[in-house]
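S.K.: Count along the sequence shown from 1, add 16, and you get the number used in my numbering.
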Amino acid sequence: MDVVVLVSGRGSNLRAICSAIDAGSCSANVVGVISDRGKAAALEFAEARGIPTRTVSLHKGDDRDAWNRSLADEVASLKPDLVVLAGFMRVLGAPLLDRFPGQIINVHPALLPSFPGHNGPQDALDGGVRISGCTVHIVDAGVDTGPILAQAAVPVLANDTAETLHARIQIQEHQILPRVIHQIAIGAITLDPLTVSTSVADPARSLSVPDV
Ligand code: GAR
Numbered sequence: 017m018d019v020v021v022l023v024s025g026r027g028s029n030l031r032a033i034c035s036a037i038d039a040g041s042c043s044a045n046v047v048g049v050i051s052d053r054g055k056a057a058a059l060e061f062a063e064a065r066g067i068p069t070r071t072v073s074l075h076k077g078d079d080r081d082a083w084n085r086s087l088a089d090e091v092a093s094l095k096p097d098l099v100v101l102a103g104f105m106r107v108l109g110a111p112l113l114d115r116f117p118g119q120i121i122n123v124h125p126a127l128l129p130s131f132p133g134h135n136g137p138q139d140a141l142d143g144g145v146r147i148s149g150c151t152v153h154i155v156d157a158g159v160d161t162g163p164i165l166a167q168a169a170v171p172v173l174a175n176d177t178a179e180t181l182h183a184r185i186q187i188q189e190h191q192i193l194p195r196v197i198h199q200i201a202i203g204a205i206t207l208d209p210l211t212v213s214t215s216v217a218d219p220a221r222s223l224s225v226p227d228v
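(1) Measure the Cβ-Cβ separation of residue 43 and residue 201 and say whether it is below 8 Å.
(2) Relative to the C-alpha of residue 57, which residue among 209, 28, 46 is closest?
(3) Could you check what DSSP says for residue 32 in three-state terms: helix, strand or coil?
(4) With DSSP as the reference, label residue 94 as helix, strand or coil.
(5) Let me know the beta strand (DSSP E) ranges lying completely inside the segment 109-154, each 3 residues or longer, listed in chain order.
(6) Kindly confirm or deny that the segment 54-70 and the segment 125-134 touch, where touching means at least three C-beta pairs closer than 8 Å.
(7) List the endpoints of the continuous alpha helix (DSSP H) containing residue 58.
(8) Residue 109: beta carbon under 7 Å from a heavy atom of the ligand GAR?
(9) Would the segment 124-131 count as touching the segment 66-77 if we require 3 or more Cβ pairs under 8 Å?
(10) Could you tell me the alpha carbon to alpha carbon distance between residue 205 and residue 176, rounded to whole angstroms?
(11) Check whether the Cβ of residue 36 lies closer than 7 Å to any heavy atom of the ligand GAR, and answer yes or no.
(12) Taking just the CA atoms, how far does residue 208 sit from residue 152?
(13) Please list, in chain order, all residues of the same chain as residue 84 whose beta carbon is under 8 Å from its beta carbon, the five residues on each side excluded.
(14) Using the rule of at least 16 other Cβ atoms within 10 Å of the residue's Cβ for burial, across every protein chain shown, is residue 82 buried or exposed?
(15) Using beta-carbon positions only, say whether residue 196 and residue 166 come within less than 8 Å of one another.
(16) Given this structure, state the Cα-to-Cα distance separating residue 124 from residue 160, to the nearest angstrom.
(17) Terminal residues of the continuous alpha helix (DSSP H) containing residue 196?
(18) For residue 184, I'd like the list of residues in its chain whose CB is within less than 6 Å of its CB, leaving aside the five on either flank, ordered along the chain.
(19) Since residue 11 and residue 193 are thought to touch, with beta carbons under 8 Å apart, how far apart are those beta carbons, to the nearest angstrom?
(20) Would you mind giving the Cβ-Cβ distance between residue 21 and residue 100, rounded to the nearest angstrom? I have them listed as a contact below 8 Å.
(21) What is the residue span of the beta strand (DSSP E) that residue 69 lies within?
Quick look at the structure:
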């Protein structure tokens, strides 16, 4: 199964996917890594591994529809069977969602549907929960709203900061994301495009979380 991974930052989840592939526990092939930030460390890792990389930058004032179309074109040019958002900090638009309906998954650092958005660990701390975790879900037109495929829980400790909680959550992300990709590859999870809404019912909702 050919996978394109979309990243914005460090790329520890990309590394975990590649490690699982190397270990033989994830039957996938990363055919490309695309970032919205040219300086993402994840791109350096991919380049060092010989994975084709692309950057589709979005700056303040840019035409977001044009960016969405360029991103969709770049992803489609790599002909993936699955698109994986691994720390990609943008909300996807219709051009990509319509081209890959039900074929895009995301990893999120909270137990959805609680604490969607860009600050999952901090929001969990602010919410006072004693358990948090991570979620792998199918991407739809909302913000972290698509059907849930897998979750893992971690305790929230009394002296946690967003950083320490996030680090504990990421250990679990690195387990469940490659596992879900493998399960999709071997047909243990079937992605049904009909269960995924690719149109925004309430446009305000998709704008409720600002891009960084
Ligand atoms: C991950 O923890 C991922 O869950 C989160 O960004 C981090 C990226 O880490 N994504 C979101 O918050 C999306 N809403 P990485 O670059 O080290 O894989």
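In this text, a Cβ means the ideal position worked out from N, Cα and C, and glycines have one as well.
M.R.: In this structure, then:
(1) Their beta carbons are under 8 Å apart, which means residue 43 touches residue 201 by this criterion.
(2) Considering only alpha carbons, the answer is 28.
(3) DSSP places residue 32 in helix when its eight states are reduced to three.
(4) Residue state for residue 94 is assigned as coil, using DSSP reduced to three classes.
(5) You should have 120-124, 147-154.
(6) The segment 54-70 is not in contact with the segment 125-134.
(7) Segment 57-65, the alpha helix (DSSP H) holding residue 58.
(8) False, no ligand heavy atom lies under 7 Å from that Cβ.
(9) Contact between the segment 124-131 and the segment 66-77 is absent, because fewer than three Cβ pairs lie under 8 Å.
(10) Here the alpha carbon of residue 205 sits roughly 34 Å from the alpha carbon of residue 176.
(11) Distance from the C-beta of residue 36 to the nearest heavy atom of the ligand GAR is not below 7 Å.
(12) Between the alpha carbons of residue 152 and residue 208 lies a gap of roughly 15 Å.
(13) Cβ neighbours of residue 84 beyond the five flanking positions: 108, 109, 110, 111, 112.
(14) Exposed.
(15) In contact: residue 196 and residue 166 (Cβ atoms closer than 8 Å).
(16) Distance between the alpha carbons of residue 124 and residue 160: 8 Å.
(17) Looking at the DSSP string, the run of the alpha helix (DSSP H) that includes residue 196 is 178-201.
(18) Its chain contains 170 as the residues whose beta carbon lies nearer than 6 Å to that of residue 184, once the 5 sequence neighbours on both sides are disregarded; these appear in chain order.
(19) Lying before the first or after the last residue shown, residue 11 is absent from the chain, which here runs from 17 to 228.
(20) Residue 100 and residue 21 do touch by the CB rule: their CB atoms are close to 5 Å apart, below 8 Å.
(21) Residues 69-71.
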